[in-house]
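Please read the structure below before turning to the comments.
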Amino acid sequence: MKDYFKNLNTITQNIKRKIYKKKDTRLIIIMENWEEIVGKDYYKKSNPLKITRDQELKVEVSNDILLDFSYSNQMYINKIDNILGYEDSIKKIFVVQKYF
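Counting in my numbering, the sequence shown runs from 3 upward without gaps.
Okay, structure coming up:
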């Protein structure tokens, strides 16, 4: 049974990589670890969109967590740096409101 889940995990990772092939590999890693970076509550209400040329991470956030999310930007940047393995991988997080 464990082998089944390992194979399934490998397949889904390959699919993700094909879907995001044109995207920055850092963004793929951030998306795969987004729940660990922002926590369960904010994970459901936010979505990393892209990394700009200026090393800014653009994140779409629902209105009810917008202010709190903005105040925690530096903590998220530090977590992203730890996951990616080097400092200044992201210089700033640019927050945009999510519209439904």
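From the three backbone atoms N, C-alpha and C, an ideal C-beta is built for every residue, glycine too.
Which residues bound the alpha helix (DSSP H) around residue i?
i, result
"Gln-57", "Where Gln-57 is concerned, there is no enclosing alpha helix (DSSP H), given that its DSSP letter is neither H nor E."
"Ser-72", "68-73"
"Glu-38", "36-40"
Would you grab the beta carbon distance between residue i and residue j for me? Rounded to a whole angstrom, and I think it's under 8 Å.
i, j, result
"Lys-93", "Asp-66", "The Cβ separation is near 27 Å, so there is no contact."
"Leu-68", "Val-40", "Leu-68 to Val-40, Cβ: 13 Å. No contact."
"Glu-37", "Tyr-45", "4 Å"
From the DSSP output, read off the bridge partner residues of residue i.
i, result
"Ile-48", "Looking at the sequence provided, one finds Ser at residue 48 rather than Ile. Bridge partners of Ser-48: Val-63."
"Lys-94", "Glu-58"
"Gln-15", "Answer is none; Gln-15 lacks a bridge partner."
"Ile-30", "Its beta-bridge partners do not exist; DSSP assigns none."
"Gln-99", "Val-63"
"Ile-53", "Leu-59"
With a Cβ-Cβ cutoff of 8 Å, do residue i and residue j count as a contact?
i, j, result
"Lys-42", "Ser-64", "no"
"Ser-104", "Val-61", "Absent from the model: residue 104. The displayed extent of the chain is 3 to 102, so no value can be given."
"Leu-91", "Ile-82", "Contrary to the premise, residue 91 reads as Ser rather than Leu in this sequence. A contact, by the Cβ cut-off of 8 Å."
Suppose the cutoff is 7 Å on Cβ atoms and the five residues either side in sequence are ignored; what does the same chain contact list for residue i look like?
i, result
"Ile-31", "Ile-85, Leu-86"
"Thr-54", "Lys-60"
"Arg-28", "Ile-53, Leu-86, Ser-91"
Which residues in the same chain have their Cβ closer than 6 Å to the Cβ of residue i, if we skip the five residues on either side of it in sequence?
i, result
"Glu-58", "Lys-94, Phe-96"
"Ile-79", "Ile-92"
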